[in-house]
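Scroll down for the structure; my scribbles are underneath it.
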Amino acid sequence: MLNLRPSGYFKSTLRWSCRRTFTSQSRLPPLPPPSEWKDIFSSSTVSSRDRVSLRAPETAQLIAESFLSGASSANGEGKIVIEAFPGPGALSRALLELPASNIQKLIILEDHPDYLKYLKPLEAADSRVKVVPLSGFDWDTYSHIEEIGLLDDVKTVPWSSGLHPQLHFISHLQHTIKGEQLIAQLFRCIPDGTWLYKYGRVPMSFVLSDWVWERISAVPPNSNRCKLSVIAEATATCTLSLDPAKLLPYDDHFHPITTKYTAEKRPQPRRPGYPLVAMNLIPHDDQLITKGMLEKWDFCLRRLFVLKSTPLKKAISSLAPGAQTMLKMLTDSSLPDSQRVDIGKAPRHLTLADWALVIRAFDNWPFAPEDLMISDAFTRQNAVRVVL
Numbered sequence: 001m002l003n004l005r006p007s008g009y010f011k012s013t014l015r016w017s018c019r020r021t022f023t024s025q026s027r028l029p030p031l032p033p034p035s036e037w038k039d040i041f042s043s044s045t046v047s048s049r050d051r052v053s054l055r056a057p058e059t060a061q062l063i064a065e066s067f068l069s070g071a072s073s074a075n076g077e078g079k080i081v082i083e084a085f086p087g088p089g090a091l092s093r094a095l096l097e098l099p100a101s102n103i104q105k106l107i108i109l110e111d112h113p114d115y116l117k118y119l120k121p122l123e124a125a126d127s128r129v130k131v132v133p134l135s136g137f138d139w140d141t142y143s144h145i146e147e148i149g150l151l152d153d154v155k156t157v158p159w160s161s162g163l164h165p166q167l168h169f170i171s172h173l174q175h176t177i178k179g180e181q182l183i184a185q186l187f188r189c190i191p192d193g194t195w196l197y198k199y200g201r202v203p204m205s206f207v208l209s210d211w212v213w214e215r216i217s218a219v220p221p222n223s224n225r226c227k228l229s230v231i232a233e234a235t236a237t238c239t240l241s242l243d244p245a246k247l248l249p250y251d252d253h254f255h256p257i258t259t260k261y262t263a264e265k266r267p268q269p270r271r272p273g274y275p276l277v278a279m280n281l282i283p284h285d286d287q288l289i290t291k292g293m294l295e296k297w298d299f300c301l302r303r304l305f306v307l308k309s310t311p312l313k314k315a316i317s318s319l320a321p322g323a324q325t326m327l328k329m330l331t332d333s334s335l336p337d338s339q340r341v342d343i344g345k346a347p348r349h350l351t352l353a354d355w356a357l358v359i360r361a362f363d364n365w366p367f368a369p370e371d372l373m374i375s376d377a378f379t380r381q382n383a384v385r386v387v388l
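No gaps in the numbering here: position 172 of the sequence shown is 172 in the numbering used here, and each next residue is one more.
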């Protein structure tokens with residue numbers, strides 16, 4: 001007698017197809033409707049409270065297109081995309097809904113169990129997808145995806161040959177200091193060609209807090225000008241890929257939504273509810289920070305931005321005892337104007353050209369300190385692992 005009882009696989013498929021979802025036309029396993037996200041994707045743990053994820057499928061589609069198609073300078077075909085911190089995968093699905101020729105492979109990095117439940121079905125539904133249950137914050141993750149062969153078909157393209165035609169890194173940035181540390185570290189990988197940059201000029205795209213974007217894009221004398229601003233300007237061209245107004249109000253597009261209490265207050269930069277933006281990052285062909293000089297840039301920027309409102313002629317002594325002697329190298333009247341620095345400027349008023357001259361003087365100073373190690377825990381933890 002024919003057994004009409006549904007198999008386990010069929011029952012699972014039936015649950016997917018019968019459950020009310022926010023999309024009915026996609027060929028991909030759907031996400032739950034936005035109204036249910038609060039209950040399904042709890043923010044009870046510290047790791048999940050730090051995370052903001054795209055929720056609206058229409059918004060995810062706009063962002064995916066702004067990253068990889070249309071006017072994006074990184075558009076093209078046959079892309080191998082590494083996506084970190086995707087959450088349950090609204091943007092992942094939007095990327096897969098782009099024309100099939102756009103994406104050859106989508107490598108998803110996510111270690112949150114609740115999100116993996118909605119990411120693993122993508123792997124079964126689309127042969128281009130590989131879900132790696134590891135965090136995009138840990139540098140060992142990138143060594144792992146190499147070791148298991150996921151990057152075997154990535155070409156190594158000479159830096160001078162243009163933008164890498166295949167590899168593209170995409171990420172939601174965590175709202176906490178970890179997100180800021182991660183993007184700062186990725187900028188720092190560019191000059192020496194470490195991490196994914198050993199393959200060439202790999203473009204990156206981010207969904208990030210507007211507050212971090214303001215720091216990345218700040219020019220002198222903006223009060224947001226900081227070490228991150230200078231390193232970003234020196235290494236890459238960063239542009240908003242989408243009109244920020246299209247990502248407002250926050251609660252229409254992102255998870256977790258704000259509570260009534262937080263909605264009535266001005267959102268804090270490192271908390272859900274603060275506006276987010278979408279950004280494309282294209283490494284410069286000609287790098288101002290030459291190979292082997294990053295440590296000196298780091299050291300000088302870190303020390304001088306502690307005194308960012310103090311004139312350089314006074315702040316420079318923070319570099320090391322006797323550093324005032326560098327002022328002669330920066331103000332020598334025999335040099336053309338373009339090779340001199342106005343030492344009356346405060347560090348946040350210095351242009352990128354000014355900073356290049358300061359670092360050059362530091363490099364030429366015979367008494368410059370030799371121990372230039374940055375002491376933050378993130379860098380110590382990843383000092384070796386960052387070089388893949």
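C-beta: ideal position from N, C-alpha, C; glycine also. Predicted, not measured: the structure shown is a model, and the values here were computed from it.
Would you kindly check if the distance between the Cβ of Y118 and the Cβ of G89 is under 8 Å? Walking along the sequence shown from the start, residue 89 turns up at place 89. Walking along the sequence shown from the start, residue 118 turns up at place 118. Contact: yes.
Determine, using beta carbons only, whether V132 and L109 come nearer to each other than 8 Å. The sequence position of residue 132 within the sequence shown is 132, counting from 1. The sequence position of residue 109 within the sequence shown is 109, counting from 1. In this structure, L109 lies closer than 8 Å to V132 by Cβ.
Backbone secondary structure at M204 - three-state DSSP: By 1-based counting over the sequence shown, the position of residue 204 is 204. M204: strand per DSSP, three-state reduction.
Hey, would you say the C-beta of S73 is under 7 Å away from at least one heavy atom of the ligand MN? Because no ligand of any kind appears in the structure shown, any question about the ligand MN cannot be addressed here.
Do the CB positions of S318 and L330 come within less than 8 Å of each other? Here residue 318 refers to the residue found at position 318 when the sequence shown is read from its first residue. Here residue 330 refers to the residue found at position 330 when the sequence shown is read from its first residue. Not in contact: S318 and L330 (Cβ atoms no closer than 8 Å).
What separation, rounded to the nearest whole angstrom, lies between the Cα atoms of A56 and D252? Counting from one through the sequence shown, the residue named residue 56 turns up at place 56. Counting from one through the sequence shown, the residue named residue 252 turns up at place 252. Their backbone Cα atoms lie some 7 Å apart in a straight line.
Assign C226 to one of three DSSP states: helix, strand, or coil. Taking the sequence shown and counting its residues from 1, one reaches residue 226 at position 226. Residue state, collapsed to three classes: coil.
Grab the span of the alpha helix (DSSP H) containing V212 for me, first residue to last. Counted from its first residue, the sequence shown places residue 212 at position 212. Boundaries of the alpha helix (DSSP H) around V212: D210 to S217.
Using a 10 Å radius around the Cβ and a threshold of 16 neighbouring Cβ atoms, would you call L304 buried or exposed? Stepping through the sequence shown from its first residue, residue 304 is reached at position 304. The Cβ neighbour count for L304, taken over all protein chains shown within 10 Å, is at least 16; the residue is labelled buried.
Given a threshold of 16 other Cβ atoms within 10 Å of its Cβ, counted over all protein chains shown, does R20 qualify as buried or as exposed? Translated into positions along the sequence shown, residue 20 becomes position 20. Note that R20 scores a pLDDT of 37, beneath 50, so its modelled location is shaky; the value from the coordinates is reported in the next line. So R20 counts as exposed.
Tell me, to the nearest whole angstrom, how far the beta carbon of G162 is from that of L208; I am working on the premise that it is less than 8 Å. For the purposes of this step, residue 162 is taken as the residue at position 162 of the sequence shown. For the purposes of this step, residue 208 is taken as the residue at position 208 of the sequence shown. About 26 Å separates the beta carbon of G162 from that of L208, a gap too long to meet the 8 Å contact definition.
Could you have a look at T373 and say whether DSSP puts it in helix, strand or coil? Residue 373 sits at position 373 when you count from the first residue of the sequence shown. Note on identity: in this sequence residue 373 is Met, with Thr being the wrong assignment. In this structure, M373 counts as coil in the three-state DSSP scheme.
First and last residue of the beta strand (DSSP E) that includes H172? Here residue 172 refers to the residue found at position 172 when the sequence shown is read from its first residue. Boundaries of the beta strand (DSSP E) around H172: L167 to H172.
Quick one: what's got a C-beta closer than 8 Å to A125's C-beta in the same chain, skipping five residues either side? Counted from its first residue, the sequence shown places residue 125 at position 125. Excluding sequence neighbours, A125 sits near R27, L28 and P29.
For D53, three-class secondary structure by DSSP: Within the sequence shown, residue 53 is the residue found at index 53, counting from 1. Asp is not the amino acid found at residue 53; the sequence shown has Ser there. Secondary structure at S53: strand, using DSSP grouped into helix, strand and coil.
Going straight from the alpha carbon of P191 to that of T351, what length do you get? In the sequence shown, counting from the first residue as 1, residue 191 sits at position 191. In the sequence shown, counting from the first residue as 1, residue 351 sits at position 351. The alpha-carbon atoms of P191 and T351 are separated by roughly 19 Å.
Would M204 be called buried (16 or more neighbouring beta carbons within 10 Å of its own) or exposed? On the sequence shown, position 204 is the one that residue 204 refers to. Under a 10 Å Cβ-count criterion, M204 is classified as buried, with 16 or more other Cβ atoms of the shown protein chains found around its own Cβ.
Between the Cα of H448 and the Cα atoms of L301, P369 and G193, which residue gives the shortest distance? Residue 448 falls outside the range modelled here, since the chain spans only 1 to 388, and no answer is possible.
Note down the Cα distance separating V230 from E36, rounded to an integer number of angstroms. For the purposes of this step, residue 230 is taken as residue 230 along the sequence shown, with counting starting at 1. For the purposes of this step, residue 36 is taken as residue 36 along the sequence shown, with counting starting at 1. Distance between the alpha carbons of V230 and E36: 42 Å.
A320 (DSSP reduced to helix, strand or coil): Counting from one through the sequence shown, the residue named residue 320 turns up at place 320. The three-state reading of DSSP puts A320 in coil, since its state is none of H, G, I, E or B.
DSSP three-state label for A368, please. If you number the sequence shown from 1, residue 368 lands on position 368. If DSSP states are grouped into helix, strand and coil, A368 belongs with coil.
According to DSSP, is H284 helix, strand or coil? If you number the sequence shown from 1, residue 284 lands on position 284. In the three-state reduction of the DSSP assignment, H284 falls in the coil class, being assigned neither a helical nor a strand state.
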